[in-house]
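Peer 1: Quick mapping for you: the protein sequence lines, in order, are chains B and S. All the letters of the first sequence, read from the start, carry residue numbers 1 to 354 under our numbering. All the letters of the second sequence, read from the start, carry residue numbers 355 to 708 under our numbering.
There are 2 protein chains.
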Amino acid sequence: MRTPSIILLTIILFSSNLLANKDIEWKIALNWKSTLTPLSSPSFQIANMVKQMSEGKFIIKIDGLEKYDSSANMITQIQENEYQMVHTNSSALKEKDINTIWFTGIPLGMTMKEQYSWFYYGDGQKYMSNIYAKFNLLAFPAGDLGTQMSGWSKKEIKSISDFHGLQINTQGITSEILSMHKVILKDLPTSQINNAFLEGKLDMISGTSPSMDIKMGYHKIAPFYYTSWDKPASQTQFIVNKTAFENLPYQYKKILTTAIKLASYDLYYENFYESLQAWDKIKTDFPNIQIKSLPKEVLISLSKSKKLIFEQYSKENKLFKEIYNNQQQFIKKARRWSQLEEFSYIKSINNLDK
Amino acid sequence: MRTPSIILLTIILFSSNLLANKDIEWKIALNWKSTLTPLSSPSFQIANMVKQMSEGKFIIKIDGLEKYDSSANMITQIQENEYQMVHTNSSALKEKDINTIWFTGIPLGMTMKEQYSWFYYGDGQKYMSNIYAKFNLLAFPAGDLGTQMSGWSKKEIKSISDFHGLQINTQGITSEILSMHKVILKDLPTSQINNAFLEGKLDMISGTSPSMDIKMGYHKIAPFYYTSWDKPASQTQFIVNKTAFENLPYQYKKILTTAIKLASYDLYYENFYESLQAWDKIKTDFPNIQIKSLPKEVLISLSKSKKLIFEQYSKENKLFKEIYNNQQQFIKKARRWSQLEEFSYIKSINNLDK
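Printed below as a string of structure tokens:
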């Protein structure tokens, strides 16, 4: 009778081992400091959710920029599995592939709402997956800050020629557009850029949301806060090692992607909340700050420059042309609804109490 | 040697039973048909996510209005565990507790973005939990349709007196406001209301989004499509049996609440996508439809009426007064940021190509 019970025992042990998922540990690198909320929040939220939903078996650790060496090749690091995920802007990989820019936000392009709709219900997700598959990587939306303020300026921009000779920090496509209008681009590390502006060595500095701008102190020295033409959406991405992901048990794949998508959505509302508080504080402490939008004629010039740049990229890169057309077609329909929905409400009910 | 192996076997069987969560089946009732997308989508998404993340052990079934008897007492049904969850508007429970209205959307109140920020980062969640705890229920946001169109009208509203004698269908607080301006409220079941409007027996009908309005066919007979003053946000809720929730294993609680929050966020973008397509189709097929916003003077009158109503409720109900003040304080700061963010972008870059 001993042998059958040992066989039975072996069967039970074996099947319980098959049923129970094994312990797994992943590491996320952040392309910013781990203290820079709300940008750093999604990773911590994901680690927390994944742990809870896997009964403590799937653990994710996080290295912010204070530990993670961002001068290393980000793609190689993920491919070589030093980290399984990195939280960054897709457009930071522009030098590797120009088509990574489409998922962060495009000057004079889609708003966050339009971009999420395009991504999940239009063709966005398909394009992003195909582009990252070339590197054996996956990519997921990782949180959109919404429409970002264009930035802080010491000078008012009244015509396009006011950009000539202006000392400014911008990146990516925005830099290419402004270069056509003779700005002087300052390409310094972030910390030095901030100090340069605060010390009066720059005329204009790119903004984000009041939530993060307030920490920089720009409002203490610049009278003009410009609304967006350059950052109508600001989506970030998680870039993920595809092989590591595919090796996860089915259940953990679902737990991880659910947590990523949820933490991504949450980021917007955390940023909205922190921004409304920060903007209230800035306005109270510095009542003379003026909100400005670029004049129509200036925006028309910038729009023409963008088109020239995008037409050039379209000639050089077939996929660029395809995604550009795809987004433009989408915006054409989407903007008509964007002009009605929240927009028409805020517009029509303004100042009812006065 | 036989006894120890049996003991060992018992220990293993017992601990594997402790480790493995048991099979659970829940039922969701929908307060609308299961085919009415995008409103019905979150429940199906949740059922799918929960199944995948629990390895098929936590199963959720769904009864839409074609099967679920909505004439029964919704709260009692949940309390008595006939269903563990219902997907509805919180404000549908207004007769049970006036303070359930705060979480759906308030005429001339918060937008979706403002409301989510208030809910998750301000005091909203605390208030909703306390209100539903009185009934031994839990409540969760279950998807916001965003700013909804006010509705379709055969007549143009040029002054507040144009509402006098207008035959109209509205519900809740909007009805109370419009009643002060002598509209004739038609309180018929949804299907009859729709036919009454299509047959010319109503002057105005409450709208939602183009995604759902297009299915009703209102655009075929009404020339005016009014933008919102009454539905700046349209959040739905899952009302959940608290005891059933508390009896779930810890892991399943986390899986369920994560799935609910994610499906809730997704609903907005599904609706945005369907609405931009539907609005494009309506405009193409019926190019003469005119978008209208109520004139400023009319909105000021409606705003005054709302205040009178809300002041009266505030006198009768201490908690109403507290939440009203809390929301008003929040809106004061939040609206300043709402007027900048997406709004200023859409406003300033309109018609750059012309």
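Where is the CB? At the ideal position from N, CA and C, for every residue including glycine. These numbers come from a predicted model, not from an experiment.
With DSSP collapsed to three states, give me the class of Glu409(S).
Peer 2: By one-based count along the second sequence, residue 409(S) stands at place 55. Correct three-state label for Glu409(S): coil.
Peer 1: Are any of the Cβ atoms in chain B nearer than 8 Å to that of Glu624(S)?
Peer 2: One-based indexing of the second sequence puts residue 624(S) at position 270. It does; some Cβ of chain B falls within 8 Å.
Peer 1: Taking 8 Å as the CB-CB limit, is Ile346(B) close to chain S?
Peer 2: Taking the first sequence and counting its residues from 1, the one referred to as residue 346(B) is at position 346. Output row for Ile346(B): interface = yes.
Peer 1: Around the C-beta of Asn371(S), are 16 or more other C-beta atoms found within 10 angstroms, so that it is buried, or is it exposed?
Peer 2: Your numbering for residue 371(S) matches position 17 in the second sequence. Note that Asn371(S) has pLDDT 44, beneath the 50 cutoff, so the model's placement of it is unreliable and the number below is only indicative. Flag for Asn371(S) reads exposed.
Peer 1: By Cβ distance below 6 Å, which residues in the same chain neighbour Thr528(S) in space, the five residues on each side in sequence not counted?
Peer 2: Counted from its first residue, the second sequence places residue 528(S) at position 174. The residues are Pro461 and Asp584.
Peer 1: Is Thr170(B) near Leu185(B), with beta carbons less than 8 Å apart?
Peer 2: Reading the first sequence from its first residue, position 170 is the one you call residue 170(B). Reading the first sequence from its first residue, position 185 is the one you call residue 185(B). Going by C-beta atoms, Thr170(B) is nearer than 8 Å to Leu185(B).
Peer 1: Distance, Cα to Cα, Ser179(B) vs Lys113(B)?
Peer 2: By 1-based counting over the first sequence, the position of residue 179(B) is 179. By 1-based counting over the first sequence, the position of residue 113(B) is 113. Roughly 29 Å separates the two Cα atoms.
Peer 1: Between the segment 126-149 of chain B and chain S, which residues of the former have a C-beta closer than 9 Å to a C-beta of the latter?
Peer 2: Within the segment 126-149 of chain B, the residues whose Cβ lies closer than 9 Å to some Cβ of chain S are Gly146, Thr147, Gln148 and Met149, listed in chain order.
Peer 1: Output needed for Lys615(S): all residues of its chain with C-beta closer than 8 Å, excluding positions within five of it in sequence on either side, in chain order.
Peer 2: Residue 615(S) sits at position 261 when you count from the first residue of the second sequence. Taken in chain order, the residues that qualify are Phe494 and Pro495.
Peer 1: Starting from Phe664(S), find everything on chain B with Cβ-Cβ shorter than 7 Å and list it in chain order.
Peer 2: By 1-based counting over the second sequence, the position of residue 664(S) is 310. Neighbours of Phe664(S) on chain B: none; closest Cβ ~13 Å, over 7 Å.
Peer 1: Reducing DSSP to helix, strand and coil, say where Tyr39(B) ends up.
Peer 2: Position 39 of the first sequence, counted from the first residue, corresponds to residue 39(B). Strictly speaking, residue 39(B) in this sequence is Leu, with Tyr absent from that position. It is coil, neither helix nor strand.
Peer 1: Which residues of chain B have a Cβ atom closer than 9 Å to the Cβ of Lys467(S), listed in chain order?
Peer 2: Here residue 467(S) is taken as the residue at index 113 of the second sequence, counted from 1. Per Cβ cutoff of 9 Å: Gly146, Tyr268, Tyr269, Phe272 and Glu342.
Peer 1: Please state the DSSP three-state secondary structure of His219(B).
Peer 2: Here residue 219(B) corresponds to residue number 219 of the first sequence, with the count starting at 1. Note: His219(B) maps to helix in three-state DSSP.
Peer 1: For Ala401(S), count the other beta carbons within 10 Å of its own beta carbon; 16 or more makes it buried, fewer makes it exposed. Which is it?
Peer 2: Position 47 of the second sequence, counted from the start, is the residue given in the question as residue 401(S). With 16 or more other Cβ atoms within 10 Å, it is buried.
Peer 1: For Asp203(B), is the classification buried or exposed, using 16 other Cβ atoms within 10 angstroms of its Cβ as the cut-off for buried?
Peer 2: Numbered from its first residue, the first sequence carries residue 203(B) at position 203. By the neighbour-count rule (16 or more Cβ atoms within 10 Å), Asp203(B) is buried.
Peer 1: In its own chain, which residues sit with a C-beta less than 6 Å from the C-beta of Gly500(S), not counting the 5 before and 5 after it?
Peer 2: Taking the first residue of the second sequence as position 1, residue 500(S) is located at position 146. Excluding sequence neighbours, Gly500(S) sits near Met466 and Tyr622.
Peer 1: With DSSP collapsed to three states, give me the class of Pro210(B).
Peer 2: Numbered from 1 along the first sequence, position 210 holds the residue referred to as residue 210(B). Of the three classes helix, strand and coil, the one that applies to Pro210(B) here is helix, per DSSP.
Peer 1: According to DSSP, is Leu499(S) helix, strand or coil?
Peer 2: Sequence index remark: in the second sequence, residue 499(S) carries index 145 (1-based). Here Leu499(S) sits in coil by DSSP.
Peer 1: Ile382(S) and Tyr470(S): beta carbons closer than 8 Å?
Peer 2: Position 28 of the second sequence, counted from the start, is the residue given in the question as residue 382(S). Position 116 of the second sequence, counted from the start, is the residue given in the question as residue 470(S). No, they are not a contact pair.
Peer 1: Candidates Ile78(B), Trp152(B), Tyr273(B) and Leu39(B): which alpha carbon is nearest Ala133(B)'s?
Peer 2: What you label residue 133(B) is simply residue 133 of the first sequence in a count that begins at 1. It is Ile78(B).
Peer 1: Closer than 7 Å by C-beta to Ile485(S): which residues in its own chain qualify, once you throw out the five before and the five after it? Chain order, please.
Peer 2: Translated into the one-based positions of the second sequence, residue 485(S) becomes position 131. Same-chain partners within the cutoff: Asp451, Asn453 and Thr454.
Peer 1: In whole angstroms, give me the CA-to-CA distance for Thr236(B) and Trp691(S).
Peer 2: What you label residue 236(B) is simply residue 236 of the first sequence in a count that begins at 1. What you label residue 691(S) is simply residue 337 of the second sequence in a count that begins at 1. If you take the alpha carbons of Thr236(B) and Trp691(S), they lie about 21 Å apart.
Peer 1: DSSP on Leu556(S), reduced to helix/strand/coil?
Peer 2: By one-based count along the second sequence, residue 556(S) stands at place 202. In the structure shown, Leu556(S) sits in coil (DSSP, three-state: anything other than H, G, I, E or B).
Peer 1: Roughly how many angstroms lie between the CA atoms of Ile59(B) and Val50(B), to the nearest whole one?
Peer 2: As a working note, residue 59(B) is residue 59 in the first sequence. As a working note, residue 50(B) is residue 50 in the first sequence. Ile59(B) and Val50(B): Cα-Cα distance of roughly 7 Å.
Peer 1: Around the Cβ of Ala587(S), are there at least 16 other Cβ atoms within 10 angstroms (buried) or fewer (exposed)?
Peer 2: Within the second sequence, the letter at position 233 stands for residue 587(S). Buried, by the Cβ-count rule.
Peer 1: Taking the alpha carbon of Arg753(S) as the reference point, which residue from Asn351(B), Phe330(B) and Tyr324(B) has its own alpha carbon closest?
Peer 2: Because chain S in this structure spans residues 355 to 708, residue 753(S) falls outside the shown range and cannot be described.
Peer 1: I need the straight-line Cα distance from Asp266(B) to Ser618(S), nearest angstrom please.
Peer 2: Taking the first residue of the first sequence as position 1, residue 266(B) is located at position 266. Taking the first residue of the second sequence as position 1, residue 618(S) is located at position 264. Going from the Cα of Asp266(B) to the Cα of Ser618(S) covers about 11 Å.
Peer 1: With DSSP as the reference, identify every bridge partner of His441(S), one or two as the case may be.
Peer 2: Position 87 of the second sequence holds residue 441(S). Per DSSP, Leu384(S) and Phe592(S).
Peer 1: Output needed in chain order: residues of the segment 282-315 of chain B with a Cβ under 8 Å from some Cβ in chain S.
Peer 2: Listed by position, the residues of the segment 282-315 of chain B near chain S (Cβ gap below 8 Å) are Lys283, Ile291, Ser293, Leu294, Lys296, Leu299, Ile300 and Ser303.
Peer 1: According to DSSP, simplified to helix, strand and coil, what is Phe398(S)?
Peer 2: The sequence position of residue 398(S) within the second sequence is 44, counting from 1. It is helical.
Peer 1: For Ile291(B), which residues in the same chain have their Cβ closer than 6 Å to its Cβ, ignoring the five residues on either side in sequence?
Peer 2: Sequence index remark: in the first sequence, residue 291(B) carries index 291 (1-based). Tyr225.
Peer 1: Looking at chain S, is there any beta carbon in it that lies within less than 8 Å of the beta carbon of Tyr265(B)?
Peer 2: Against the first sequence, residue 265(B) aligns to sequence position 265. Chain S, which has a Cβ nearer than 8 Å to the Cβ of Tyr265(B), makes this yes.
Peer 1: Using 10 angstroms around the beta-carbon of Ser211(B), count the other beta-carbons present and answer buried if the total reaches 16, otherwise exposed.
Peer 2: Here the question's residue 211(B) lines up with position 211 in the first sequence. Buried, by the Cβ-count rule.
Peer 1: Quick one: is Ile106(B) near chain S, going by C-beta distance under 8 Å?
Peer 2: In the first sequence, residue 106(B) corresponds to position 106, counting from 1. Closer than 8 Å: no.
Peer 1: Comparing the C-beta of Gly218(B) with each C-beta of chain S, is any distance below 8 Å?
Peer 2: Position 218 of the first sequence holds residue 218(B). A small fix is needed here, since residue 218(B) is Tyr in this sequence, not Gly. No, no contact with chain S.
Peer 1: Looking at the secondary structure, which residues open and close the beta strand (DSSP E) in which Tyr226(B) lies?
Peer 2: Counting from 1 along the first sequence, the entry for residue 226(B) is found at position 226. Unbroken beta strand (DSSP E) run through Tyr226(B): Phe224 to Tyr226.
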